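If you use our numbering, the sequence shown closes out at 263, no skipped numbers anywhere.
The C-beta atom is built at its ideal place from N, Cα and C for all residues, glycine as well.
Remember, it's a predicted structure, so these values are computed and weren't measured experimentally.
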Amino acid sequence: METNRILDEEMGLQNQPEDTSILRFSCLILLWLGMISCLFLGLFSDPLVLSGLVFLIVASVFSFYNFLLGAKITLAALLVGTFNLAQFFPLQLHVSFGVESSGLWMGIDILMIGFIILLYLTNKPIFGPWVKRIFKIDPNSREPIAEGRTKIEGFKSRFKDKPQKELESIAANQMLLEEARNAATELLHEKFSTLVAENESNSTTKKCIECGAPFNSEDSKMTELCPKCAHELYGYPIGEE
Ligand SMILES: [Zn+2]
Numbered sequence: 023m024e025t026n027r028i029l030d031e032e033m034g035l036q037n038q039p040e041d042t043s044i045l046r047f048s049c050l051i052l053l054w055l056g057m058i059s060c061l062f063l064g065l066f067s068d069p070l071v072l073s074g075l076v077f078l079i080v081a082s083v084f085s086f087y088n089f090l091l092g093a094k095i096t097l098a099a100l101l102v103g104t105f106n107l108a109q110f111f112p113l114q115l116h117v118s119f120g121v122e123s124s125g126l127w128m129g130i131d132i133l134m135i136g137f138i139i140l141l142y143l144t145n146k147p148i149f150g151p152w153v154k155r156i157f158k159i160d161p162n163s164r165e166p167i168a169e170g171r172t173k174i175e176g177f178k179s180r181f182k183d184k185p186q187k188e189l190e191s192i193a194a195n196q197m198l199l200e201e202a203r204n205a206a207t208e209l210l211h212e213k214f215s216t217l218v219a220e221n222e223s224n225s226t227t228k229k230c231i232e233c234g235a236p237f238n239s240e241d242s243k244m245t246e247l248c249p250k251c252a253h254e255l256y257g258y259p260i261g262e263e
């Protein structure tokens, strides 16, 4: 039991998109508080506030139905806010770069940068892999193939005694690490080809590829399945007894 739990944690979960914590909404909630205070202060006619309001509504609606997309729209809204194309708060913390009179001038809203960091910290499962890819700080990315191979072999040696059904469910589980799924898939292929090879070497006594039980090839209507599996899976009659 204990080892299974450790294994589950280890195989587990490059990310947990099903995270339901309210924390991931904190950025949107704070932006709404800012927007409400803008509206209380009568900033309705400010095009920047209206632009912010539209972004906020779109981001909130999407976050509700498709959180991943919503988080990306929230990020887009914050970037737009950073470059002063939208406003979510009555106050802005401007820092400008360049010489204003020369035209080579850029203002950045530091408050929005803070919110981008907050969004990242409260949605690490979504943005973490992304950031790693952008900055290439993922230690695994240096030798992805060699390292991936080692991991697959590690999982294979731990999975080798698992029954076929469990391997199939591991192979199909999108929540697990890719290496774990690949290891299960490879083991299934290996088991299958061993059984087929065994069957070819011995023409009368065969091993069923579905349940693994030995059977006499003359008893079954199917070459690779025992009479029972041929009946259950394909409806062939079980021989007269
Ligand atoms: Zn069978």
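Backbone secondary structure at residue i - three-state DSSP
i: S118; result: strand
i: L199; result: coil
i: S163; result: Since pLDDT at S163 reaches only 49, below the 50 mark, its modelled position is unreliable, and no value is offered.
i: K229; result: strand
i: M244; result: coil
i: P147; result: helix
i: N37; result: The predicted model places N37 with a pLDDT of 45, which falls under 50 and marks its position as unreliable; any figure quoted below should be read in that light. It is coil, neither helix nor strand.
Whether residue i touches residue j by CB criterion (9 Å)
i: T216; j: K228; result: no
i: L65; j: F137; result: no
i: G92; j: D131; result: no
i: L141; j: F149; result: yes
i: L50; j: L78; result: yes
i: M57; j: V80; result: no
i: G74; j: F105; result: no
i: K206; j: E175; result: The identity of residue 206 in the sequence shown is Ala, whereas the question assumes Lys. In this structure, E175 does not lie closer than 9 Å to A206 by Cβ.
Minimum C-alpha distance to residue i - residue among the options
i: G170; options: E188, W152, F181, R203; result: R203
i: F86; options: Y142, Q196, F47; result: F47
i: V218; options: A205, E232, L61, I44; result: E232
i: S239; options: L255, G257, E220; result: E220
i: M308; options: Y258, V153, L107; result: For residue 308 there is no data in the structure shown, the boundaries of the chain being 23 and 263.
i: L143; options: F214, E188, L97; result: L97
First through last residue of the alpha helix (DSSP H) which encompasses residue i
i: P259; result: Segment: none, P259 is in no alpha helix (DSSP H) and carries neither H nor E.
i: K94; result: 89 to 104
i: F66; result: No alpha helix (DSSP H) holds F66; DSSP gives it neither H nor E.
Segment limits, beta strand (DSSP E) that includes residue i
i: P236; result: 236 to 238
For ligand 1, residues whose Cβ lies under 6 Å from any non-hydrogen atom: Selection output, chain order preserved: C230, E232, C233, A235, L247, C248, K250, C251.
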